[in-house]
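Enquirer: My questions all concern the structure below.
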Amino acid sequence: MHSILGGLPDVTYQRCVYYAYSDTGLFGNYLIGNEVFATQMAYVSQMVLSDYASSVGQVEVFRARAKVFNELLSQESSAKQSREIAQQVFYWGRRVPRSEFARRISALDAGHLTRVATRHFWDKDISVVVWGPTHLLDAVAHYNRSWKRSTLGGYAQPYYEG
1 MHSILGGLPD VTYQRCVYYA YSDTGLFGNY LIGNEVFATQ MAYVSQMVLS
51 DYASSVGQVE VFRARAKVFN ELLSQESSAK QSREIAQQVF YWGRRVPRSE
101 FARRISALDA GHLTRVATRH FWDKDISVVV WGPTHLLDAV AHYNRSWKRS
151 TLGGYAQPYY EG
């Protein structure tokens, strides 16, 4: 996503979010930028998740690992540690030691991430919410309809899972 967003100079902020629930999860990203690039930002927010189903490179894996490891090492305040412990107990029902978390992250490879992205994002209905001026998006209007990678929908899923 960083390489795609690098071509959009007025994207000022990007963040991915994940919320786990007992029966489902909510994953998304949000972009903040100039309204001139609203069409490209809406397209990227739909496209990049399903692109990971076909091409997750080792560079992205190493970049993500480094980010997670840096976040693990930077949790020095008691407030950050308390928040993380509360999330772990809420999600998994137990405290997960940093060593176990680091071991699991270091075991991930591009193939595993591709399988996960294929299962959850390939040919799925991806929704986009736009806040702010939408007059530039009205002409293309691809942000407000069901958008899938192929016309096969869920029938193509077994083929791509390999």
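For the sequence shown, full-length UniProt numbering puts the final residue at 162, and the numbers step up evenly by one.
Every residue, glycine too, gets a C-beta built ideally from N, C-alpha and C.
#1: So, with DSSP's three-state summary, where would you put R95?
#2: Using 8 Å for Cβ pairs, my map puts V128 next to S45. What's the rounded Cβ distance?
#3: Three or more C-beta pairs closer than 8 Å, one from the region 101-119 and one from the region 52-67: is that the case here?
#4: Look at L72 and A102 and say whether their C-beta atoms are less than 8 Å apart.
#5: Please say whether Y18 and I32 have beta carbons closer to each other than 8 Å?
#6: Quick test of your reading: L136 and V130, contact by CB under 8 Å. State the CB separation rounded to the nearest angstrom.
#7: Considering only their Cβ atoms, is the gap separating V59 from D109 smaller than 8 Å?
#8: Would N29 pass as a contact of R15 if the rule is Cβ separation under 8 Å?
#9: If distances are taken between C-alpha atoms only, which option among T24, R95, P9, G57 comes closest to G111?
#10: Please name the residue in P133, Y91, V48 whose C-alpha comes closest to that of residue 163.
#11: Do you know offhand how far Q40's Cα is from T114's?
#12: If you draw a straight line from the alpha carbon of residue 212 to that of Q87, how long is it in whole angstroms?
#13: Between the alpha carbons of A79 and I105, how many angstroms are there, rounded?
#14: Which residue's Cα is closest to the Cα of D123: R65, K67, R83, V48?
#15: Would you call A20 buried or exposed, if buried means 16 or more other Cβ atoms sit within 10 Å of its Cβ?
#16: Please check the pair R95 and V89, which I expect to be a contact at CB under 8 Å, by giving their CB distance rounded to whole angstroms.
#17: With a floor of 4 residues, list each alpha helix (DSSP H) that falls wholly inside the region 57-93, ordered by position along the chain.
Expert: Taking the structure as given:
#1: If DSSP states are grouped into helix, strand and coil, R95 belongs with coil.
#2: A Cβ-Cβ distance of about 6 Å is found for the pair V128 and S45, placing them in contact under the 8 Å criterion.
#3: Of all C-beta pairs linking the region 101-119 to the region 52-67, three or more are shorter than 8 Å, placing the two stretches in contact.
#4: Result yes, Cβ atoms of L72 and A102 sit closer than 8 Å.
#5: No; because the gap between Cβ atoms is not below 8 Å, this pair is not in contact.
#6: No, L136 and V130 are not in contact; Cβ-Cβ is about 10 Å, not under 8 Å.
#7: At least 8 Å separates the beta-carbon of D109 from that of V59.
#8: Yes, the pair counts as a contact, with Cβ atoms nearer than the cut-off.
#9: The shortest Cα separation from G111 among T24, R95, P9, G57 belongs to G57.
#10: This structure gives no information on residue 163, because the portion of the chain shown stretches from 1 to 162.
#11: T114 has its alpha-carbon roughly 24 Å from the corresponding atom of Q40.
#12: The structure shown does not extend to residue 212, since the chain spans only 1 to 162, so no value can be given for it.
#13: One C-alpha to the other measures close to 23 Å.
#14: Answer by Cα proximity: V48.
#15: It is exposed - the Cβ of A20 has fewer than 16 other Cβ atoms within 10 Å.
#16: The distance from the Cβ of R95 to that of V89 is about 6 Å, consistent with a contact at the 8 Å cut-off.
#17: Whole alpha helix (DSSP H) segments, 4+ residues: 58-73, 78-92.
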